[in-house]
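Read through the structure below, which is laid out as structure tokens, and then see the notes.
Numbering (the UniProt record's numbering), first residue to last: 1 to 150.
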């Protein structure tokens, strides 16, 4: 899963030389892999996000890698957005942000299926609240309300 997060950072940071931006994006991508892994380990203790019944299905490594990539992309996108908003960013940072937006639009239509595959509340909330949703998918932006259930 760490490789999935690193791949997101590498893709977004192509051409970015600002060490602060590079470190921030790399850090949130690494943290994304950690959090996805942590929630995957305790997944069997959770409940399904739609039925609130105990989760009894297996989860594949491919699904966890996809979740990690999406969390990394969403959190990196937020870092880049804030950098553009608050600092004088160079063209490479603008391009990194554009790559993040483009990639998020490309994967957005696959997210509902991924959320169903993840199943468990904590993982679904991690993925659904990490990335900004648009259009018909905005219903996922607030997560599942897991904090209210647990």
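Glycine is no exception: its CB is placed at the ideal position from the N, C-alpha and C atoms.
Going by CA-CA distance only, name the one from 57, 91, 81, 80 that's closest to residue 116. 57
Select from 131, 120, 125 the residue whose C-alpha is nearest the C-alpha of residue 106. 131
Report the three-state DSSP secondary structure of residue 14 (helix, strand or coil). coil
Less than 7 Å between C-beta atoms, sequence neighbours within five positions excluded: which residues of the same chain meet that for residue 92? 15, 16, 17
Do you know whose CA, among 94, 41, 86, lies nearest residue 152's CA? No statement about residue 152 is possible, as the shown extent of the chain runs from 1 to 150 and does not include it.
Kindly give me the distance between the Cβ atoms of residue 11 and residue 99, rounded to whole angstroms, as I take these residues to be in contact under 8 Å. 7 Å
Have a look at residue 74 and residue 104 and give me their C-alpha separation to the nearest angstrom. 8 Å
Completely contained alpha helix (DSSP H) runs for the stretch 81–111, where each covers 4 or more residues: 91–108
Could you pull out every unbroken alpha helix (DSSP H) segment of at least 4 residues lying fully inside the stretch 9–53, listed in chain order? 19–41
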